[in-house]
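Have a look at the structure below, then the notes.
In structure tokens:
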């Protein structure tokens, strides 16, 4: 596998600003059939990237949804043409705050425009046209990936046959906004953030690590933390110190330290902001006069960050328009992380759902 | 009302270290009867203090449990002698990391010994003796106050007639430790923390504010945040900025900014550490051969920080020893904050429970 990139001149953003040139990093798997009817777009979450499956030179781990994408898997690369791109605003090859601003030749930093989930999808639409995909057989993703999937249904329902939003919501709740805001405040409180102009000086590592630690708590469930860590200690009994004495403390510190090596702090600000702005409640999921794609909506019982009621709200909205929707609440203890863990159940659901979805 | 203080020479801590001299700030309400049988100890949570009710000179607000303490209230000052003291390790008049270390004459800072909930209770036992209270008719508190109440039952069951642990736990779970740890990391990541030696330089305000913001999210419920904020904006539509555009963002920032004016960052480290160490699971709630006080255990349905299952674990432990225990899960939407909000139900429960509790 290797990561490709597409560059196009400009993108008109929801804010009214223009961004350009715009580069999208992407990967493809499998082959597009002659009618272009077998293409599936996979959409990543907050810190994901185009590398959804397999091994890529220079990266130690397989892609973020590797057990779901490949020969014979849920997204079967023998049958389907799979596409995954890094979102704009990100830091994994697509244009984001760390990219050079053509006006100055220096990184955009905080002068990068605030982008939305709809802007991410609009950039993906450019990629879709470039790849000669007339219609996606399915668009699918978890968490922020699910928001993009929903946005595809809202923006281009005539070019999407089916939508698979997983562990996601029609709109960020105040609690979800609050967790994002605290992460942003942790980053912006770090003097190394330098008002966003830290490129060349090193990242605001401490603030970004704190943001990531908060994130990790919200991705797990109370029960999965109990199962993984309980009150086990790294030390031989209490040391009466502020060191990482409990295993869970060591885990969080490690996750934070690891994260700052691979993710840009400003991207964290921009991508979380896009999620907070996201709101397809009311009638906004539906484009007037357009067909409604088929939906498979999946949530996880122990996910308290994107609770099942938010998925049921998606289902309710679709049923109010007589949409074709299947909803499954998977009985998992893994919390929000479940969409990156519960492969058997997701594979079973998605395989049969896509098999029943037909190109136009 | 005014705040008194008691100073005693030394306290042998759970760590094996000695702390001394030790000052406890405390307030009392009502009068101790002749037999000393009407005394009730109220125990505060993480950021509380001795000022539990009424108005105190120099403080704009009534005490933290004012609607619960006073003439005719749940803790009826016409009938009972009410005592409340600031915990050691705190910053509201009792000895803590901001106090002068007698060895150096300078604030302890990070050289303050790590203390435990049992150490807090041991200091309160000194106050009890000083006040000539032979036996508490009740010890009561929410959250960390509930831990202290449980610790009283474990350390001095023969001197406690009844225990009212509210919205609390026998032991901090890994999720609870994790939230505390992220708060501590936010503080310690702030360069203004200066390795804990910031006295005279100003607080690590940014880190402490982030810690407080995290706390506030965990004190509310998803539903109470929805009711209080929904997605309402402070601005007239999206500004495509990182300002506090959503009301919930403004609220969190205000709470953070307010908090750093009244609470010491090092105290935040020490007091959260005491909570993380707390563990009275297994048989540790019971002192061999001692009587078990009566218990009223209260939890709140929407409290996800100290979920009801943790209160049920207290009840199960007590019932396994044939303890006299009443358990009520109050049907509140306020999350963990409910113990500071749901006064009617708590008043009804506590009044009748104490009325049935008798001095020896």
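Protein chains in written order, with the numbering used here: chain A, 16 to 375; chain B, 16 to 375. Note that beta-carbon positions come from the ideal geometry of N, C-alpha and C, so glycine has one too.
Closest in C-alpha terms to residue 307(A), from the list 187(A), 200(A), 242(A), 174(A), comes 174(A).
Bounds of the beta strand (DSSP E) holding residue 315(B) are 309-315. Given a length threshold of 3 residues, each whole run of the beta strand (DSSP E) inside the region 83-169 of chain A is given here in chain order: 96-100, 151-157.
Take the alpha-carbon of residue 312(B) and the one of residue 185(B): they are about 12 Å apart. Across the structure, residue 117(A) and residue 278(B) are spaced so that their CA atoms are roughly 47 Å apart.
The alpha-carbon separation between residue 276(B) and residue 267(B) amounts to approximately 15 Å. At least one CB of chain B lies nearer than 7 Å to the CB of residue 221(A). Closer than 7 Å at the C-beta level to chain A, one finds these residues of the region 231-260 of chain B: 232, 237, 240, 241, 244, 245, 246, 253, 255, 256, 257.
Residue pairing by DSSP puts residue 344(B) in a beta bridge opposite 314(B).
Listed in chain order, the non-local C-beta contacts of residue 238(A) below 7 Å within the same chain comprise 317, 348, local neighbours out to five positions each way being set aside. At a C-beta separation below 8 Å, residue 199(A) has these neighbours in chain B: 257. Residue pairing by DSSP places residue 55(A) opposite 97(A), 153(A) in a beta bridge.
Among the residues facing chain A, residue 263(B) is included, as its CB has a counterpart in that chain under 7 Å away.
The shortest C-alpha to C-alpha distance from residue 344(B) to any of 363(B), 336(B), 323(B), 355(B) is the one to 323(B). In this structure residue 285(B) is in contact with residue 127(B), their Cβ atoms being roughly 6 Å apart against a cut-off of 8 Å. Taking the CA atoms as reference points, residue 74(A) sits about 15 Å from residue 19(A). Using a Cβ-Cβ distance cut-off of 8 Å, the region 330-344 of chain A and the region 203-219 of chain A are not in contact, since fewer than three pairs of beta carbons, one from each stretch, lie closer than that value. Taking a C-beta cut-off of 8 Å against chain A, the contacting residues of the region 129-143 of chain B are 129, listed in chain order. Pairing residue 23(A) with residue 137(A), the inter-Cα distance amounts to about 12 Å. Between residue 155(B) and residue 57(B), the beta carbon gap of about 6 Å places them in contact (Cβ cut-off 8 Å). In this structure, residue 59(B) keeps its C-beta atom at 7 Å or more from the C-beta atom of residue 182(B).
DSSP lists no beta-bridge partner residue for residue 70(A). At a beta-carbon threshold of 8 Å, none of the residues of chain B lie near residue 328(A); the nearest stands roughly 12 Å away. When only Cα atoms are considered, residue 144(B) and residue 28(B) end up about 18 Å apart. The alpha-carbon separation between residue 264(A) and residue 192(B) amounts to approximately 8 Å. Burial state of residue 187(B) is buried, judged by a 10 Å Cβ sphere holding 16 or more other Cβ atoms. If you draw a straight line from the Cα of residue 244(A) to the Cα of residue 262(A), it comes to about 6 Å.
Burial check for residue 70(B): the Cβ neighbour count within 10 Å stays below 16, so the residue is exposed.
Taking residue 114(B) as the centre and dropping the five residues before and after it, the same chain places the C-beta of 122, 123 closer than 7 Å to its C-beta, in chain order.
Considering only beta carbons, the part of the region 280-295 of chain A lying closer than 8 Å to chain B consists of 284, 288, 291, 292, 294, in chain order. Taking 7 Å as the cut-off, the Cβ atoms of residue 41(B) and residue 100(B) count as close. Between residue 218(B) and residue 280(B) a beta carbon distance of about 5 Å is seen, short of the 8 Å cut, so the two are scored as contacting. Shown here for residue 328(A): same chain residues with a beta carbon closer than 6 Å to its own, the five before and five after excluded, namely 185 in chain order. In the structure shown, residue 18(A) adopts coil according to DSSP, grouped into three states. Proximity to residue 109(B) across 139(B), 91(B), 119(B), 199(B) peaks at 139(B), based on C-alpha coordinates. Under the 8 Å Cβ criterion, the region 221-228 of chain A counts as touching the region 194-208 of chain A, having at least three qualifying pairs.
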